[in-house]
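Novice: Sending over a structure as structure tokens; questions will come in a sec.
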Amino acid sequence: MSKIHVTTTLNGDQVEYLCEPQETLLDILRNRLNLTGSKEGCGSGDCGACSVTLDGRLVCSCLVLAAEAEGREIETIEGMADGENLHSLQQKFLDHAALQCGICTPGFLVAAKALLEKNPDPTETEVRFWLAGNLCRCTGYDKIINAVMDAAAEMRGA
Amino acid sequence: MRYAAPDSVSEAIKLLKSEPGVSRVLAGGSDILVQLKTGMAAPDLLVDIKQIPGIYDITQENGGYRVGAAVSGAALGEHAGVKAQWPGVIEAVELIGSTQVQGRATMAGNLCNASPAADSVPAMIAAQAIAHIVGPEGERDCPVQDIPLSPGRNSLAKGEFITSILLPARPENASDAYLRFIPRTEMDIAVVSAGVSLELDSSGVCTVARIALGAVAPTVLLVDAAAECLIGTKLDENALDAMGKACSAAANPIGDKRGTIEFRKDVVAVLAKRAAKIAQTRAGDQS
Chain A
3 MSKIHVTTTL
13 NGDQVEYLCE
23 PQETLLDILR
33 NRLNLTGSKE
43 GCGSGDCGAC
53 SVTLDGRLVC
63 SCLVLAAEAE
73 GREIETIEGM
83 ADGENLHSLQ
93 QKFLDHAALQ
103 CGICTPGFLV
113 AAKALLEKNP
123 DPTETEVRFW
133 LAGNLCRCTG
143 YDKIINAVMD
153 AAAEMRGA
Chain B
70 MRYAAPDSVS
80 EAIKLLKSEP
90 GVSRVLAGGS
100 DILVQLKTGM
110 AAPDLLVDIK
120 QIPGIYDITQ
130 ENGGYRVGAA
140 VSGAALGEHA
150 GVKAQWPGVI
160 EAVELIGSTQ
170 VQGRATMAGN
180 LCNASPAADS
190 VPAMIAAQAI
200 AHIVGPEGER
210 DCPVQDIPLS
220 PGRNSLAKGE
230 FITSILLPAR
240 PENASDAYLR
250 FIPRTEMDIA
260 VVSAGVSLEL
270 DSSGVCTVAR
280 IALGAVAPTV
290 LLVDAAAECL
300 IGTKLDENAL
310 DAMGKACSAA
320 ANPIGDKRGT
330 IEFRKDVVAV
340 LAKRAAKIAQ
350 TRAGDQS
């Protein structure tokens with residue numbers, strides 16, 4: 003079967019790749035483009051570890067076909083820091099020790115960034131509901147929520 | 070499997086119809102991609118309809134709203150006009166999955182997936198929503214309750230697909246609500262659910278009621294006997310109790326680890342009554 007040629011915008015840069023029809027965007031990000039920040043946890047849209055934005059919408063990249071990315075704009079965890087300067091959310095996750103093994107962290111960061119772009123001043127309840135599709139099996143959620151609330155406050159002040 | 074992303078309705082129909090093997094339609098993909106991964110679905114051709122012009126649009130039509138087949142739950146929830154007119158449909162759609170799933174999942178997909186527990190379907194049926202279907206034989210409009218046939222099966226013929234769903238206009242003093250029972254607070258599949266749409270006259274008497282129950286039968290039930298208990302009343306306790314009993318009587322659920330038959334028949338009355346009260350309050354607030 004002939005491969006599908008896709009041209010897309012990834013973290014602001016134009017990227018091209020060839021994919022099989024059944025390959026997911028997550029497969030291509032990790033295995034073809036070597037962007038391994040997005041993780042595969044469940045592969046069925048339950049855990050959120052593969053979170054990216056597609057035309058600004060938060061989605062699970064395991065539930066997007068690579069072929070669907072044609073002409074769209076994708077943002078991944080690799081586009082979050084500005085060179086050596088961490089995004090406020092990334093720094094606050096470190097400050098609050100909001101991770102243990104780290105597998106869920108990129109997904110949480112991408113999801114939290116999408117929330118703060120839509121709602122810069124969320125309540126704790128709003129943060130918890132927004133992040134309900136991101137699962138952490140190590141450390142629990144309080145530190146993660148605290149980090150997001152703290153980052154939101156810092157970003158509002160900045 | 071082959072993948073195609075046609076940029077017109079006619080091309081999509083041609084592809085779907087001429088495929089000798091199994092073809093499936095891709096919109097948000099939150100069901101089909103999981104089915105592909107688990108082997109539950111193995112189509113020969115997947116037709117992505119998202120390049121079709123207008124498929125992402127929400128447009129006003131005769132006082133109602135036409136929602137394109139690729140409009141995600143997240144996009145629909147941001148639409149103030151639809152939210153004001155059909156708050157029950159919106160709250161049902163927004164219960165489908167996580168934020169990430171909301172970014173992709175669509176009402177049309179939820180309908181075609183034909184799960185008896187689909188959250189948006191009871192609300193859409195209560196709303197008298199109409200699916201616009203295109204296919205090799207032309208275009209047709211179909212009430213949404215005629216789309217699901219049994220769990221996982223829908224009534225669309227080969228080559229047909231939904232391009233939009235119309236949420237019709239409402240008179241004044243009309244509203245709707247949707248409630249479901251799940252054993253946790255978020256991110257689960259309905260054990261029992263109820264969508265209620267009401268129209269009241271200027272004195273608050275119910276003139277039109279539509280009550281649709283989810284997850285208590287192979288397909289969503291539209292219970293006319295329950296609706297008749299509310300029509301002509303101001304939803305007093307007697308009317309609501311009678312309506313609840315009619316819902317329990319109509320329910321024909323399975324018993325499984327998520328809920329026994331007795332539990333589902335009992336809870337469906339509670340949810341229908343609560344949803345009716347919410348819809349009544351919302352309808353009253355408009356006057």
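If you read the protein sequences in the order shown, they are chains A and B. Mapping of the first sequence onto the working numbering: residues 3 to 160, in sequence order. Mapping of the second sequence onto the working numbering: residues 70 to 356, in sequence order. C-beta atoms are modelled at their ideal positions from N, C-alpha and C, and glycine is treated no differently.
1) Any idea if residue 312 of chain B is buried or exposed, counting beta-carbon neighbours within 10 angstroms, 16 or more meaning buried?
2) Using a Cβ-Cβ distance under 9 Å, would residue 59 of chain A count as near chain B?
3) State the start and end residues of the unbroken beta strand (DSSP E) segment that holds residue 16 of chain A.
4) Rounding to the nearest angstrom, what Cα-Cα distance links residue 356 of chain B and residue 241 of chain B in this structure?
5) The stretch 33 to 46 of chain A: which residues have C-beta closer than 7 Å to a C-beta of chain B, in chain order?
6) Just to confirm the assignment: which complete beta strand (DSSP E) runs, minimum length 3, are found wholly within the stretch 229 to 290 of chain B?
7) Measure the CB-CB distance between residue 174 of chain B and residue 99 of chain B and report whether it falls below 9 Å.
8) Within 10 Å of its beta-carbon, does residue 136 of chain A have 16 or more other beta-carbons around it, so buried, or fewer, so exposed?
9) With 7 Å as the limit, tell me which residues of the stretch 88 to 117 of chain B have their beta carbon closer than that to any beta carbon of chain A; keep them in chain order.
10) Less than 8 Å between the CB atoms is what I'm expecting for residue 139 of chain B and residue 119 of chain B, so what's the real figure, rounded?
11) Between which residues of its own chain and residue 57 of chain A is the CB-CB distance below 8 Å, once the five residues before and five after are set aside?
12) Flag residue 150 of chain A as yes if its beta-carbon sits less than 9 Å from any beta-carbon of chain B, otherwise no.
13) Near residue 29 of chain A, which residues of its chain fall below 7 Å by C-beta distance, leaving aside the five closest residues on each side in sequence?
14) What number of angstroms, rounded off, separates the C-alpha of residue 305 of chain B from the C-alpha of residue 290 of chain B?
15) Can a CB atom of chain B be found closer than 9 Å to the CB of residue 100 of chain A?
16) Going by Cα to Cα distance, which pick from B:239, B:181, B:210 is closest to residue 219 of chain B?
17) Using a Cβ-Cβ distance cut-off of 9 Å, determine whether residue 72 of chain B contacts chain A.
18) For residue 92 of chain A, count neighbouring Cβ atoms within 10 angstroms of its own Cβ and tell me buried if that reaches 16, exposed if not.
19) Taking beta-carbon pairs under 9 Å, can you tell me which members of the stretch 126 to 145 of chain A lie near chain B?
20) With a threshold of 16 other CB atoms inside 10 Å of the CB of residue 246 of chain B, please say whether the residue is buried or exposed.
21) Out of A:42, A:150, A:95, state which residue places its alpha-carbon closest to the alpha-carbon of residue 118 of chain A.
Specialist: Straight from the coordinates:
1) Per the 10 Å Cβ criterion, buried.
2) yes
3) 15 to 21
4) Residue placement at residue 356 of chain B is poorly supported in this model, since its pLDDT is 48, which falls under 50; the coordinates are not used for a value here.
5) 45, 46
6) 230 to 236, 243 to 250, 261 to 269, 275 to 283
7) Inclusion of residue 174 of chain B and residue 99 of chain B in the CB contact set at 9 Å is warranted, their separation being smaller than that value.
8) buried
9) 98, 99, 102, 103, 105, 106, 115, 117
10) 5 Å
11) 74, 75
12) no
13) 68
14) 24 Å
15) no
16) Here the closest residue by C-alpha is B:181.
17) Closer than 9 Å to some Cβ of chain A, the Cβ of residue 72 of chain B qualifies, so yes.
18) buried
19) 130, 131, 132, 133, 134, 135, 136
20) buried
21) A:150
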